[in-house]
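Residue numbering for the sequence shown follows the UniProt record's numbering, beginning at 1 and increasing consecutively. Where a beta carbon is used, it is the ideal one built from N, C-alpha and C, also for glycine.
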Amino acid sequence: MSHSLVLFIFCFLAPSTSYELFYEISDRSISHCSRKLNVDSDIGCSSKYPSSIGEVLISDNGTHLRESISNSLSNLMVVIPLQLFISPDVILFLRNSEKVAGLFVFSPNFPNSTFDCPYGFSENTFCPNGEFTFYNDSGQLCDANSKWNPLASEYATISWPFPVVLADESDTETWENVFTCYIAYNQSPVDDTRCFMEIRNFMSAVKSSQTCYAREILLSHHLELASFCSQIGGVNLMLRARALTTTIPNSTAPDPTLLVVSRVDALSMFDRRATSALAVLPAVSVIVSTAVHLLNQPDVRAGRMRKNLLFLLLDNEALSFMGSQRFLFDLTHSRVAQASGLPINVESVEAVIELAGIGLPRENEEKLPTYYLLSDPAIAQQTEDITSSIWRALNASADGQGNAVRFLNGSISSPTLLPPSLSTQALLKYFMRNGSPLSHTVISDRPAAPPFADTFIDSFLDTRWPPSPAANDYLLRLANLLADVLHRHLEPEVVNFLLSLKSPIPMQTYEPVDGHSWRVSHVVSHLLMGLTGHRLKECPPSQDYGPFTYMYGYYNGSTWCYRSLLETVTSFFFLEDGAVAAPGWVRSVPFQNQRFVRLFRSASPSNDKLALALGIFLTALTAPIALLMRAFASRIFVQTYDPHLTQSC
1 MSHSLVLFIF CFLAPSTSYE LFYEISDRSI SHCSRKLNVD SDIGCSSKYP SSIGEVLISD
61 NGTHLRESIS NSLSNLMVVI PLQLFISPDV ILFLRNSEKV AGLFVFSPNF PNSTFDCPYG
121 FSENTFCPNG EFTFYNDSGQ LCDANSKWNP LASEYATISW PFPVVLADES DTETWENVFT
181 CYIAYNQSPV DDTRCFMEIR NFMSAVKSSQ TCYAREILLS HHLELASFCS QIGGVNLMLR
241 ARALTTTIPN STAPDPTLLV VSRVDALSMF DRRATSALAV LPAVSVIVST AVHLLNQPDV
301 RAGRMRKNLL FLLLDNEALS FMGSQRFLFD LTHSRVAQAS GLPINVESVE AVIELAGIGL
361 PRENEEKLPT YYLLSDPAIA QQTEDITSSI WRALNASADG QGNAVRFLNG SISSPTLLPP
421 SLSTQALLKY FMRNGSPLSH TVISDRPAAP PFADTFIDSF LDTRWPPSPA ANDYLLRLAN
481 LLADVLHRHL EPEVVNFLLS LKSPIPMQTY EPVDGHSWRV SHVVSHLLMG LTGHRLKECP
541 PSQDYGPFTY MYGYYNGSTW CYRSLLETVT SFFFLEDGAV AAPGWVRSVP FQNQRFVRLF
601 RSASPSNDKL ALALGIFLTA LTAPIALLMR AFASRIFVQT YDPHLTQSC
């Protein structure tokens, strides 16, 4: 009897682990924060194994949010608007709370909210890439009196203790399901059923790129195909706009070269959201347009340029200058264009022109876009001949095109600052260490003084283009002007030809940016292969590609194969003595390649815990009660003695 009672009570009060799926959020509607790793540390987000689960809490008020979390008896999945997400105090509270299981952010806000999008927000630190900047040792950069990025945070460069997911405000279906589930089961429940959110984004590697490398090398010996990390971007796109000299095969003699540089990535903690439309996209479009323009010039196509011209689109640049450091590594090891037999080495570089932050030029009273020419004054003085030549060509081109673009000297003498996010920094530091300063010219839409022109630099919010109706036209003017500048600087005879026309300089009509139809991969495939290789009649079998054969998709879905003289794909890691070398950034891949966000209904954890505690207490209580009842029953129900029963020995 006592055992039956115990079993009945325990089964009745034991918590149930069953749940009912309420809604699964489409992966197309959200962006995950993933784990990124460098040589000795990690940043970003990862869920617990195999997923993180918590009761849904929706709040758009900081005070209410703090009180709700402090009073909660269970783990919470916090759903907040952008207004709270960009508040450092709120995020610090959430990151320090042990009750927060994950964060789900609606950007820019909850639907039908009156909150306006903020003036600016950046996920980078006050001084982007501050540890690696050219002026780091001087103590002049990013001090208390000159913060380059006053609207910045450290969101993209810290390790989060829980998963973070971003949803767009326009995704009303996701909002309605989350809100309905929360209101029905958490805010006004009719029983102990609650609305939970589950985020599965467990990352395979959460330590360092060195750990990834060691694991994958170890597994390769066992012929397993498990992957822990994937390279972040990792393609430096380069082209060479001059015919190669084949009379001296495998020569290492300097090949006078002018670099034209931009980066193709931006830093964001969220996957698929680092578009940086007002910083990266305009510079890439101008550099692509310039190269396309040059491609149509007879002297360029015939390889009659007096000096070599190398366009460089740097990937991975947002993370510790990885793109330019990789390029510098290839340059110092004669890996750039080594298949041609005449690789470009570091002694070949005469000057560099970088496009940085050109999407927001100011207009003067004549409605002309104004760009600034930046250079370190001390270095410009030491490289006066080449630097002055480039600046004269820029101003001459601006004058020759009817002042379609206006250039001003944006350099300042004290303190001698360049924007810390410039890709030029890595090259400048190398050349200065070797006692030969490098001539550099930075074209920017702001002078060399804080703050950044783009208040959303390296931000997932930076997705709006164009900022003004005239923005596309301004970039087109700058692209035409830059193409003319390169002509003037690299081949003076071209200037005489252009002047002999006695008419405006011929312009290209390619529109550099169109938010709907522009595809940089299509344009770059023509740009890169048109000047550095040739199209094959047919694509070879994949096993016969070799290191310099690349396949590109085309507009109609077909594929073309090119054979290039330049290596475009970087290796997975930097290695020094068998170990991963800095910067070595990689992205950890989701465990078993699975990630999702879903809502489900289940019993309240607090009620489950109460039921479990009560069940254990009652189970423990039944034993003494049963013994007491047995003793009491023996007194009431006395057993009779029958003397006629035979006893056995």
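Report the three-state DSSP secondary structure of residue i (helix, strand or coil).
i, result
"Met269", "coil"
"Lys429", "helix"
"Ser70", "helix"
"Glu20", "strand"
"Asp473", "helix"
"Gly578", "coil"
"Ala277", "coil"
"Cys539", "coil"
"His516", "Caution applies to His516, whose pLDDT of 30 falls short of 50 and renders its modelled position unreliable; the model cannot decide the point."
"Ala152", "strand"
"Thr257", "strand"
"Thr424", "helix"
"Ile232", "coil"
"Phe8", "Because Phe8 sits at a pLDDT of 43, beneath the cut-off of 50, its placement in the model cannot be relied upon, and the following sentence gives the value as read from the coordinates. Helix, per DSSP."
"Ser29", "helix"
"Cys212", "helix"
"residue 654", "Residue numbering for the chain in the displayed model covers 1 to 649; residue 654 lies beyond these limits and cannot be assessed."
"Thr370", "strand"
"Arg630", "helix"
"Arg446", "coil"
"Val78", "strand"
"Arg488", "helix"
"Ile636", "helix"
Out of the options, which one is the CA nearest neighbour of residue i?
i, options, result
"Met77", "Gly62, Asp89, Asn61, Leu94", "Leu94"
"Ser324", "Lys307, Arg263, Asp376", "Arg263"
"Val105", "Asn96, Val90, Glu98, Ser97", "Val90"
"Leu342", "Leu331, Pro108, Leu313", "Leu331"
"Asn109", "Glu123, Ile80, Ser87", "Ile80"
"Ser439", "Ile344, Arg392, Ala167, Leu258", "Leu258"
"Glu216", "Val589, Pro420, Glu98, Glu538", "Val589"
"Gln24", "Val597, Leu57, Ile616", "Here residue 24 is Glu; the residue named in the question, Gln, does not match the sequence. Ranking Val597, Leu57, Ile616 by Cα distance to Glu24 puts Val597 first."
"Leu476", "Ala404, Thr441, Ala631", "Ala404"
"Val21", "Lys307, Ser52, Phe600", "Strictly speaking, residue 21 in this sequence is Leu, with Val absent from that position. Of Lys307, Ser52, Phe600, the residue nearest in Cα terms is Phe600."
"Asn75", "Asn61, Ile53, Asp265, Ile58", "Ile53"
"Phe202", "Trp175, Val178, Pro163", "Pro163"
"Leu151", "Arg392, Pro128, Asp315, Arg200", "Pro128"
"Asp454", "Thr370, Pro369, Ala356, Tyr474", "Ala356"
"Pro369", "Ser375, Leu360, Leu627", "Leu360"
"Asp271", "Thr622, Val165, Gly102, Gln594", "Val165"
"Arg464", "Asp27, Thr211, Leu278, Val336", "Leu278"
"Ser389", "His489, Trp175, Ser159, Cys45", "His489"
"Ser423", "Lys537, Glu366, Ser227, Arg326", "Arg326"
"Pro118", "Ala101, Ser459, Met432", "Ser459"
In terms of residues, what are the limits of the alpha helix (DSSP H) holding residue i?
i, result
"Phe115", "Looking at the DSSP string, Phe115 is not in any alpha helix (DSSP H), and its letter there is neither H nor E."
"Asp89", "88-96"
"Val264", "Segment: none, Val264 is in no alpha helix (DSSP H) and carries neither H nor E."
"Glu176", "172-182"
"Leu84", "82-85"
DSSP puts residue i in a beta bridge; with which residues?
i, result
"His440", "Val352"
"His64", "Answer is none; His64 lacks a bridge partner."
"Asp42", "Leu37"
"Phe596", "Arg200"
"Ala167", "Ile30, Phe106"
"Arg601", "Glu20, Cys195"
"Ser159", "Gly44"
"Arg362", "Thr370"
"Ser122", "Ala152"
With residue i as the anchor, note down where its beta strand (DSSP E) starts and where it stops.
i, result
"Phe196", "193-200"
"Ser588", "586-588"
"Ala453", "First-last for Ala453: undefined, no H or E at that position."
"Gly102", "100-107"
"Val56", "52-58"
Does any residue of chain D have a CB that is nearer than 9 angstroms to the CB of residue i?
i, result
"Ile86", "Included in the structure is just one protein chain, with no chain D present."
Going along the chain, which unbroken runs of the alpha helix (DSSP H) with 4 or more residues stay wholly within the region 287-352? 298-301, 322-332
Kindly provide the ranges of any alpha helix (DSSP H) runs that are 4 or more residues long and lie completely inside the region 375-413, ordered along the chain. The region 375-413 contains these whole alpha helix (DSSP H) runs: 377-382, 384-400.
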